[in-house]
Amino acid sequence: MTNDPAFWLCISNADYEVSLEPRKVYEGLPDPEAQKMGMIRVIDESGEDYLFPVSLFLPIALPHDVAVAVHRLAV
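No gaps in the numbering here: position 33 of the sequence shown is 844 in the working numbering, and each next residue is one more.
Structure (structure tokens):
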């Protein structure tokens, strides 16, 4: 079990305009090695996961029902 945030709000897509949408919620995956480098791993619309600088996101907590719905949409 991990305390890593499960969801992240994109606050900037600087240098990643094609890959990220500001104000969009992304599901995150635990990645301790990426975290050491100031990066987070998030799942995009294709269902693939990619590394991005953590500075482009804010962690968010979603109510359980909302988190389940967002997760289902990402799969």
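Heads up, the beta-carbon is just placed ideally off N, CA and C, and yes, glycines get one too. Given the structure is predicted, the values throughout are model-derived calculations rather than measurements.
Kindly list the residues whose CB is nearer than 6 Å to the CB of residue i, restricted to its own chain and excluding five residues on each side of it in sequence; keep chain order.
i: D876; result: none
i: A825; result: none
i: L869; result: L820 and I822
Answer with buried or exposed for residue i, where buried requires no fewer than 16 other C-beta atoms within 10 angstroms of its C-beta.
i: V879; result: exposed
What residues in its chain sit with their C-beta under 8 Å from that of residue i, if we drop five residues either side in the sequence?
i: L867; result: C821, I822, S823, N824, A825, Y827 and L831
For the putative contact between residue i and residue j, defined by C-beta atoms under 8 Å, what is the C-beta separation to the nearest angstrom?
i: V829; j: G839; result: That belief does not hold up - the Cβ atoms of V829 and G839 are roughly 20 Å apart, past 8 Å.
i: M850; j: V836; result: Going by Cβ atoms, the distance from M850 to V836 rounds to 18 Å, so no, they are not a contact pair.
In the DSSP output, which residue or residues are listed as bridge partners for residue i?
i: V836; result: L820
i: V853; result: G839 and Y861
i: L869; result: L820
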